[in-house]
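What the sequence shown shows, in this note's numbering, is residues 6 to 621, in sequence order.
Idealized CB from N, CA, C, for every residue including glycine.
Predicted model, so just to flag it, every value in this text is computed and none were measured.
Notes follow the structure.
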Amino acid sequence: MSKLDDLIRELSPEEIVYKPMGKFIRFLNGRAFKQQELLSDGKYRVLRVGNFHTNDKWYYSNLELEEDKYCECGDLLYTWAATLGPEIWKGKKVIYHYHIWKLKFDERVVDKQYLYHYLKMDTDNISKSLTNSTMPHVSMTSMNKRIVALPPLEVQREIVRILDNFTNLTAELTAELTARKMQYSYYRDNLLSFNMPVSKKKIGEITRVFSAARVHKNEWMQEGVPFYRSSDVISKFNGVENSRGKAYISFDLYKRLSAKSGKIMKDDILITGGGTIGIPYVVPSDEPIYVKDADLLCIQKSKEFNSRFLYHYFLSTEFRKYLENITHNATIAHYTISQIENTPVPLPPLDVQSRIVNVLDNFEKICSDLNIGLPAEIEARQKQYEYYRDKLLTFAETGNTILNGTERNGTERNGTLIKLLRYVFGYVRIPLGDVGSICMCKRILKSQTNTASGVPFYKIGTFGKEADAYISQETFDEYRSRYNFPKKGDVLISAAGTIGRTVVYDGKPAYFQDSNIVWIDNDESIVLNSYLRYCYELKPWKASEGGTIPRLYNDNIAKAVIAVPPIEEQKRIVSILDRFDAICNDLTSGLPAEIEARRKQYEYYRDKLLSFKELI
């Protein structure tokens, strides 16, 4: 038996009472605004139904109203038009719109969260009973008559505890899905914001754009050739069934009309031209389909572009801004054939397009496929919640519930993006600040050093040479464990005097002067230390001058830009440069050794030739 069962048995089922909502709830209407009263900016935000679900656009008001026209964080609200159901407001003080009720009730009688869950169940029942009106709504009169089961508060709170476990998990999964969608948008916009010259062409220059011949509604059928409207494309984009149902036309009508306008084939792109404009759909096969004239427009596939590349571009921030600019003056937005033909699109090489598509399709699949990934998990959890909610709130037997946690993987945005851009373009130019954090050792005071023994302490004057100062082993052990310290292989950089000199830290006990000697704590899956060293030798630094000596500040380093190819290419470059370095600098091989041998040979013969025996 569950705690809920124990509570119901202890407190007795007879204590469960059933009351009409109007007996213990006051439904307070919001403000009915005139359009001219809604401002683009002001003291208070105006909360409308759409702000809970789909609309990020806010109106404002400077009106000072009676207190019942405002809602505060934690207030229980009910949207009674368009979208029905309870909401708990979690924002700052706002004026709520006429299509929203604020609920006032005695929390000694009913727990707020219990009432929220009960109203959600009741709303499902209301929605099932509504006819297909233009805008679903429920009246205050009918709400006052609806019955609520009110068990003792202890039972209410135990029900809330169980149901909140489900809703919290769903909220976590929804937040995860939102994060994935943002991640997709972030990488899409970065991949499509080319950091190298890319030609742009107008769509009309590279392919044909056309509209279908008109089909009248009386020609629709229950089966036949699928007839696509903009609502069908939008539903597919959102991964849901079209609430308007499917439409078809006869095969004979399809043949006759497509002979006039042209057949729609695999990899053609349909794009919405009315309503919610600019939503793309790539035709998946050569199976016959037909589309509504003007509602949907067709961009024929072309050898100049990958259709999936164009699909992702149509979803990019760059394209959405372009679309907004060309349609913002219209009363009802339309995206016409002429406008599509004059739309400029970037056209990198086809192999680059394919790699971009490969990356973005994978992200989109996670976000959009209803059969896999988070959407399916969210749907399952939502159904689970609704099942237990209905069971609990009708006080049926529930059994035990086990909630499993969900693993999370954080995204290191910069590193992942760099790898993606390298995959697509072969290399990427990035500032060193994106490679890793700039580090330095903890400051060592002069009083902490000696000139005799201990761990070598390198100052800017002895950097890369023999140390002339030392610190105690105790200080070294403490500072190395508590503060920033280079790992073996890190490339140290001189940041004062002769700036940009480098030393590769060999891992032996040593300490380095703060701010004058720095390094980048880089991720070697992005940039190898050995590659970084050669990049530093190109002198990318813009030092700050004007002081006694030139200085290289952290900001100077962070803004320095280097080209970063894939790891394997970095290794190849390093291998070549290492061989040249050995020839030029290694005293045991190459020219330096040869020069040293010739110098000794010269000295030998010089001394022989110039050491004359005295003549008798």
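Which residue from the options puts its Cα closest to that of residue i?
| i | options | result |
| --- | --- | --- |
| V362 | K492, S321 and K268 | S321 |
| V214 | R113, K125 and I342 | I342 |
| E292 | D356, C446 and I269 | I269 |
| L5 | F57, N243, Y119 and D46 | As shown, the chain starts at 6 and ends at 621. That puts residue 5 outside it, with no answer to give. |
| I131 | V114, K117, I152 and Y75 | I152 |
| Q258 | A86, G229, R113 and E608 | It should be noted that the sequence gives Leu, not Gln, for residue 258. For the residues A86, G229, R113 and E608, the minimum Cα distance to L258 belongs to G229. |
| A500 | G279, V51, W94 and K464 | K464 |
| V433 | K251, I567, W546 and L355 | I567 |
| I164 | S477, H122 and K109 | H122 |
| K207 | R193, N243, T281 and F324 | F324 |
| L52 | Y64, E224 and Q41 | Y64 |
| K260 | G47, Q387 and A218 | A218 |
| Q389 | F462, E181 and D169 | D169 |
| Q478 | Q575, P491, Q453 and G494 | Q453 |
| L178 | P156, A385, K576 and M126 | A385 |
| T183 | V357, S134 and I383 | I383 |
| V54 | G244, I100, H104 and S45 | H104 |
| F368 | Q575, R166, V579 and R185 | R185 |
| V364 | H221, V440, F319 and L196 | L196 |
| E346 | L355, Q161 and I331 | I331 |
| I284 | E246, E42 and L328 | L328 |
| P491 | E159, G459, K547 and C446 | C446 |
DSSP puts residue i in a beta bridge; with which residues?
| i | result |
| --- | --- |
| F3 | The first residue shown for the chain is 6 and the last is 621, placing residue 3 beyond what the model contains. |
| E92 | L82 |
| C303 | F215 and L275 |
| T507 | I498 |
| K205 | P351 |
| R36 | H102 |
| R567 | Looking at the sequence provided, one finds Ile at residue 567 rather than Arg. I567 is bridged to I435. |
| L44 | Y65 |
| P231 | Y253 |
| Y75 | I100 |
| F585 | For F585, which the question treats as bridged, DSSP gives no partner whatsoever. |
| Y516 | F462 |
| F622 | This structure does not reach residue 622, given that the chain is present from 6 up to 621, and the question cannot be answered. |
DSSP on residue i, reduced to helix/strand/coil?
| i | result |
| --- | --- |
| K24 | strand |
| F29 | coil |
| Y103 | coil |
| R538 | helix |
| R325 | helix |
| R50 | strand |
| M624 | The chain is shown from 6 up to 621; residue 624 falls before or after that span and cannot be answered. |
| H317 | helix |
| Y340 | coil |
| Y295 | strand |
| Y558 | coil |
| D526 | strand |
| V532 | coil |
| V287 | strand |
| V245 | coil |
| V220 | coil |
| A385 | helix |
Should residue i be flagged as near chain C, meaning a C-beta pair shorter than 8 Å?
| i | result |
| --- | --- |
| I465 | Note that chain C does not occur in the displayed structure, where there is just one protein chain. |
Report yes or no: do the segment 234-247 and the segment 283-300 share at least 3 C-beta pairs separated by less than 8 Å? Cβ pair count under 8 Å is three or more, so yes.
Measuring CB atoms only, is the segment 500-518 touching the segment 538-549, in the sense that at least three cross pairs come out at less than 8 Å? Three or more Cβ pairs closer than 8 Å define a contact, and the segment 500-518 meets that threshold against the segment 538-549.
With contact counted as at least three CB pairs below 8 Å, one residue from each stretch, are the segment 259-278 and the segment 309-327 in contact? Taking 8 Å as the limit for Cβ pairs, the verdict is that the segment 309-327 does touch the segment 259-278.
Threshold first: 4 residues or longer. Then list the alpha helix (DSSP H) segments lying entirely within the segment 109-138, N to C. Counting whole runs of 4 or more residues, the segment 109-138 contains the alpha helix (DSSP H) stretches 117-134.
With a threshold of 8 Å, are at least 3 pairs of Cβ atoms found where one atom belongs to the segment 479-499 and the other to the segment 429-440? No: fewer than three Cβ pairs fall under 8 Å.
Extract the residue ranges of the beta strand (DSSP E) inside the segment 428-501, only unbroken runs of 3 or more that lie entirely within it. Within the segment 428-501, the complete beta strand (DSSP E) runs of at least 3 residues are 433-436, 441-445, 460-463 and 496-499.
Is the segment 173-182 close to the segment 97-117, with three or more CB pairs under 8 Å? The answer is no - the segment 97-117 does not touch the segment 173-182, with fewer than three Cβ pairs under 8 Å.
Three or more beta-carbon pairs under 8 Å between the segment 516-524 and the segment 459-476, yes or no? Between the segment 516-524 and the segment 459-476 there are three or more inter-stretch CB-CB distances shorter than 8 Å, so the stretches are counted as touching.
Completely contained alpha helix (DSSP H) runs for the segment 139-188, where each covers 4 or more residues: Scanning the segment 139-188 from its first residue to its last, the whole alpha helix (DSSP H) runs of 4-plus residues come out as 145-150.
The segment 93-106 in contact with the segment 63-83 per 3-pair CB rule at 8 Å: With a cut-off of 8 Å, the segment 63-83 and the segment 93-106 count as touching, because enough Cβ pairs lie within range.
Given 8 Å as the limit, is there contact between the segment 66-77 and the segment 34-41, that is, 3 or more CB pairs closer than that? Yes: at least three Cβ pairs fall under 8 Å.
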